[in-house]
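Each residue of the sequence shown is one higher than the one before, counting from 510 in this note's numbering.
Notes for the one structure printed next.
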Amino acid sequence: MAYAALTSAVCSLELFLQCNHPLLNNLQRKEQILSLCKRILSFQEFLVDYEKLMHKHVGLKLLEGKIKEKTYQVEDIVDSKLRKYFLAKNAKDRKKAYSVLCRRLQVAIEEMELIKKEARTIKGDKIRTWNFHTRASPPARRDVSTSSPNLQQQTPVGFQDDLEKIIDRLRGDSSELDIITIVGMAGIGKTTLAKRAYNHPSVVYRFDVRAWTTISQEYRERDTLLDLFYSVVPPANGSNQESDKEAADQLYGRLMTQPSKETYEGRNQEMADRLHKSLKGKRFLIVVDDMWSTDAWDNVSMLLPDDNNKSRVILTSRLIDVATYANANPDRQPHRLSFLNKDEGWELLREKLFGKRGCPFELEVIGKSIAEKCQGLPLAIVVVAGHLSKMSKTPDSWNTVAESVGSVVNREPGQCLDILALSYNYLPQHLKACFLYMGAFPEDFEIPVWKLIRLWVAEGFLNATGHTTVEDIAEECLEDLIDRSLVLAGKRSNGKLKTCKVHDIMRDFCLEEAKRQNFLHVLKHSLDVLSESITALRRFSINCSTIFSSYSIQPTDSTASVSRSILGFNISESSIFSYIDFKLLRVLDITFQHFPQFPSEILQLVNLRYLAVATGSEFPPLVSQFWSLQTLILHLYSRSSTLPWEIWTMPNLRHLHVKPSICLPSPTKVECNRYSSLVLNNLQTLVNITLADCTKDVFSSTPKLKKLGICESIEYTYPVQIPWSDFLYTSEKLWPYGSETISDLWSDCFRNLALLPQLEALKIFGLKPPVQELKLARHLDALPENLKKLTLSFTYLPWESMTSLCRLPNLEVLKLKNYAFTGPKWEQVEEGFCSLKLLLIEMSDLEHWSASNDHFPCLEHLVLKGCLHLDSIPHELGDIPTLQIIELENSSQSALLSAKEIQEEQQSYGNDALEVRIERNFGRIVVSTP
C-alpha cells in the first residue's frame, strides 16, 4: 500500500495548493510543498518500475514498507498541522501552527531524501543481476503431466451449454486458425472447461496433434517451448517420447555452462524453429492456459502456423483485454464464464463428497445452504468439499461450516487464497488500493458506482491527469477491475455501469489482505470487540445491524487517531452509537444515525473530503471550515432548509446531494470581503435545489455542472408510499389548483440552463400541484441540446409536448416517472428520437401508444412500470435492430402479452437476442423522490 499512501499524500498537498489559501502567499513555502510533491512522485515511479519484483525481493519489500510508513507520517503531520491552522481562533495560534508546519515539512523532505538514497542503492546492479539470473536460470525437468490435462475426469458438473458452444467452434467449418478464448474470474472453471473440450471424443479424432501449455503470471519462454515440444516434435530415429524429452532437456542443458543472454536466446530460437516446423501442415489443437499478457500471447502465436486446415487454439485468461486481443476475429467475442446456478453448485458439492452415492437426507438442506454460500464459484465449492470430507458427516459439524464458508475457503493453505492472490499481485500499483477498498461494503451489497467513485477520489487513491477528471479516471479503473475478473458488473444504463459487486470469496480475500496491511478494518458483528489499537487503523467500516456505545473509543491528544475513514452500513436507526471524534478523518458516512441537531463535533473535522450525514436542522455556516470537502450528502428531515452562503466559499466542492431538496443562497447577495470571486469551478453535481434557485447568478457560479436536479418546491407534500387506488384518477382531479408564478420560474430556469455548457443530466421533480395553464409545455424548446439524460417526474405534460424532446439531438436516456406525461393517448408524430437508447415510463395513465421503429432507431432498452391501463406496446418496436430488452413491472396484462408476442415474432425471424423481463409486485408502490 506504499503506492496508495504516496498518491494520497500528493492529493492532500495538491488540494491545499488549489485552495489558494493566504498561507500559500509565501512563495518559498509554496515551493517547499511542490518540492515535497516531487519527491513523493519519484517514489511512485520507483514502485511502478519494480512492482513485478516487489513480492520476491526482500530488500525491495522492506523498502516499500519504509516508504509507506514515512509517507503516512508526512501525511499525518501535514493533516494535523493544517487542522490546527484552520481551527485557530486568533492570529497568534495560526502563526504558531504555520511555523510548526514549515519546520515539519522541511524535516519530512530531508527524511524522504534519505529513503530516496537507499532506493537508488537497491536500484543498482544488484536488482538487474538478480532479475537476469531468475529469468535465465536453467530449466527444471518438466513432466508432461504437469502441463497437460488429466485424462481421467470426474462426472462433469455445469457449463454444459458453454461446452457445446466451444465444441461447435472446434468442429466448425472455418478453415482459418480459430482462437477460442475463455475468460472469467479465478476459480470459475476456465481450465476445467478447456480440459473437457480438449478431451471430448468428438474433438480428439479431428486433430493430428494436440498439445497443452500453462503460461501463468511470469511467462517463461523455455517452459512453454518445452511443453509444446514434448507433445508436438516427433521422437528422433524412432525413439520413444521419454528419450525425446531427454533430447529436449539436453538442448537446454547447455545453458548451465553457458548462461549468457546470447546463448539463452539462441537455444530458444532453435527450439522454436523446430516446433514451428513440426506443426507446419498439421491440423493441431493447442490449449494455452492461464494467459496473463498480450506480449506473452504474441510470443506464443508466432509458434503457430496458419495453414487454413481448421487448426484451433483454446486460450484461457482472467483478463478480458488479453482474451479480446488474442481473438483475431472481431465478430467473435471472448467466451465469458458465469457462475454455477444453485442446483449446479449443490450437484458439484455432492459429487465431490459422495460420488455416485446419495447424500444423507439430514445433510441435504445444510449442504445446499453451504453450496449456495459459495455463490456458484467452483473453486470455492471444491475447497469447501475438501474441508467437509475431513469432518464427521453430522448436521452439527456442517452447520459450523455453513456459518463461515468464506473463512473456511480462505483458511485452506495453498488453495483458494493463493489463487486469488495471483490476481491481486498482478494488479498495477494504482489499482490495488481501489480493489481492497471494495471489502468495506457488506456481503452481497450492490455498490452504487457513483458512491464508490467518489469515495475513491476522497480517499486520494487517484490523481487527475491532463484534461481528464479524476472521476473519469476512477470509472476507467473500475472497468479495468471488471475486465480483470476481480469485480462483478451489476446494472447498466445506456452502456454506463450503475452498480457493481464483489464475490463474497473475493471480498473475504480483500478483508484479509487489507487487515494484514492495516489498510481497512471491518466490524462485521455487533459482538465484535474493538481493541485499543483502533486508533492506529487508517480506515474502518461498520457492517453490523446494531452498534453499542461501549464500542466507541475517544482518542485523546496523547493517543491521537490516524484514522481517515468511517463508513456505516446496515445499521438500524435505534442503534446506540457514540460519535467517535477521530480528528483527521477524510471520509465520514453516517447517514444511518439521525441527528436532531447537526453534531458540533463534525465541525472539528476540517479535513473532511466526503461527508454524508442525516440531520433535522439547518446546515451550519461553519461549513466553510471544510477546506478540502469534495462530496457533501445531506439527508434532511425538516420541512424548510437553506444552505448557508458559506457554501460558495468551498473551492474543492465537486458533488452536492441533498434529499429531498434545499434552498441555495445567491452568490451575488453574499457580503464577504475575503473572497473576490464566489465561483465553484469544480462543482459537477448539484442535486436537489428548488426551482426558485435556478437563477442566472447561481448557474454562472457553477459553470462545470454536469448533473443537475431541480425540485419545484422545497415542500415535501406526500408520503413515500401511496396506494395504487390513489393513482387511478386523471391528473385534473388530483390537484385542481395552481399558480402562474411557477410558469414564469420555469421559463427563467430553462433560459438560464444555457449558462451550463457541460450539463449532461437533468432531473426535474414537479411536486407542486398541476395548474390549468400548462407550466412546462411552453418552455421545453429551451432545453439545452447537450443533454444526454432527462428525467421528469410529476410534471403532467401532454403527450403532444413530446415533440419538443425529440429535437434534443444527444438525448440517450429519457425517464418519465410519476405522471411526467398525462393523457390516454400518445401518438408519435414524424419526428423521432435519433439517439435515444433507454426509455422508461413509470406510473402513467397512458392507454394507447402508437409508434414505429423509425421513431426510435437506436433504442436498446424499453422499461414500463406501473402502466396499468396500456393496451399494448407498439408492435413495430420489435423491428428496431438495436433493441435488446423490454422490461415490464406492475403493468397491464395486455401490455405483457404484446411484449411476449413481439419477442416470439422476432424469434421466428431468427432474432434470439431480444429479452423480455416481467415482474409483478402489485399492492403498494414506491413513489420516486428527489
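Virtual Cβ for every residue (Gly too), placed ideally from N, Cα, C.
Predicted, not measured: the structure shown is a model, and the values here were computed from it.
Exposed or buried, residue i, counting other C-beta atoms within 10 Å across all chains shown (16 or more means buried)?
i: serine 517; result: buried
i: aspartate 981; result: exposed
i: arginine 866; result: exposed
i: asparagine 1197; result: buried
i: phenylalanine 870; result: exposed
i: isoleucine 1427; result: exposed
i: proline 1333; result: exposed
i: serine 1417; result: exposed
i: lysine 1092; result: buried
i: aspartate 682; result: exposed
i: proline 1266; result: exposed
i: asparagine 659; result: Caution is warranted here: a pLDDT of 44 is assigned to asparagine 659, below 50, making its placement in the model unreliable, and the coordinate value is therefore given only provisionally. Classification of asparagine 659: exposed, given that the 10 Å Cβ count is below 16.
i: alanine 1045; result: exposed
i: valine 666; result: buried
i: valine 557; result: exposed
Taking residue i and residue j to be in contact with their CB atoms under 8 Å, please state how far apart those CB atoms are, rounded to whole angstroms.
i: cysteine 986; j: leucine 971; result: 7 Å
i: glutamate 1340; j: cysteine 1315; result: 4 Å
i: glutamine 1139; j: leucine 1162; result: 7 Å
i: leucine 813; j: leucine 788; result: 7 Å
i: glutamate 627; j: leucine 572; result: 6 Å
Please determine, among the options, the residue with the shortest C-alpha to C-alpha distance to residue i.
i: tyrosine 834; options: Arg612, Met694, Leu1371, Ile688; result: Ile688
i: leucine 1289; options: Met1311, Leu1268, Phe1274; result: Met1311
i: valine 910; options: Ile1389, Ile875, Gly1341, Arg715; result: Ile875
i: leucine 1173; options: Ala1201, Tyr1146, Thr701, Asn1161; result: Ala1201
i: isoleucine 823; options: Arg845, Asn817, Val797; result: Val797
i: serine 932; options: Ser725, Glu912, Thr733; result: Ser725
i: arginine 859; options: Ala894, Gln884, Arg841, Asn838; result: Ala894
i: arginine 612; options: Lys1033, Ile586, Ala1270; result: Ile586
i: valine 1011; options: Arg719, Ala695, Asp671, Pro1160; result: Ala695
i: glutamine 1113; options: Ser878, Trp1136, Pro951, Phe1104; result: Trp1136
i: serine 1209; options: Asn1261, Thr1124, Asp782; result: Asn1261
i: glutamate 1385; options: Ser1401, Ser1407, Ser913; result: Ser1407
i: serine 1344; options: Ser1353, Leu1320, Lys598, Ile1350; result: Leu1320
i: leucine 872; options: Tyr1305, Phe595, Asp905, Leu1264; result: Asp905
i: phenylalanine 555; options: Lys625, Val1322, Gly1125, Ile1075; result: Lys625
i: aspartate 815; options: Leu897, Leu1373, Lys786; result: Lys786
If you draw a straight line from the alpha carbon of residue i to that of residue j, how long is it in whole angstroms?
i: asparagine 1191; j: threonine 1211; result: 8 Å
i: glycine 1387; j: leucine 849; result: 32 Å
i: valine 1435; j: leucine 1379; result: For valine 1435, the pLDDT reaches just 38, beneath the cut-off of 50, and the residue's location in the model is therefore unreliable, although a value from the coordinates is still provided. Roughly 20 Å between the two C-alpha positions.
i: leucine 1301; j: cysteine 1220; result: 10 Å
i: aspartate 677; j: serine 711; result: 10 Å
i: serine 1002; j: valine 692; result: 24 Å
i: cysteine 868; j: arginine 705; result: 26 Å
i: leucine 1423; j: leucine 1397; result: 14 Å
i: isoleucine 1231; j: proline 1108; result: With a pLDDT of 39 at isoleucine 1231, under the threshold of 50, the predicted position of this residue should be treated as unreliable, though the coordinate-derived value follows. Near 33 Å, if we compare the C-alpha coordinates of proline 1108 and isoleucine 1231.
i: threonine 701; j: leucine 623; result: 51 Å
i: leucine 1347; j: proline 1366; result: 11 Å
i: leucine 1254; j: leucine 1292; result: 14 Å
i: methionine 621; j: glutamine 541; result: 13 Å
i: lysine 899; j: cysteine 1019; result: 27 Å
i: glutamine 553; j: glutamine 938; result: 9 Å
i: alanine 645; j: leucine 735; result: Residue confidence is low: alanine 645 scores 42 on pLDDT, short of 50, so the model does not pin down where it sits. Its coordinate-derived value is still stated next. Near 15 Å, if we compare the C-alpha coordinates of leucine 735 and alanine 645.
i: tryptophan 1154; j: serine 1175; result: 8 Å
i: arginine 1073; j: tyrosine 581; result: 11 Å
i: arginine 1287; j: arginine 1118; result: 41 Å
i: glutamate 1127; j: histidine 1164; result: 19 Å
i: isoleucine 928; j: aspartate 830; result: 20 Å
i: histidine 1370; j: arginine 1047; result: 43 Å
i: alanine 720; j: glutamate 1021; result: 38 Å
i: serine 994; j: lysine 1033; result: 25 Å
i: tyrosine 728; j: valine 1425; result: 45 Å
i: glutamate 1309; j: tryptophan 1358; result: 12 Å
i: serine 1256; j: lysine 577; result: 56 Å
i: methionine 800; j: tryptophan 806; result: 7 Å
Can you list, in chain order, the stretches of the alpha helix (DSSP H) that have 4 or more residues and sit fully within the stretch 895–966?
Listed in chain order, they are 904–911, 914–920, 925–934, 938–945.
For the stretch 1259–1314, which segments carrying the beta strand (DSSP E) assignment without a break, of at least 3 residues, lie completely within its bounds, in sequence order?
Taking 3 residues as the shortest admissible run, the stretch 1259–1314 contains the following complete beta strand (DSSP E) segments, listed from N- to C-terminal end: 1270–1274, 1298–1302.
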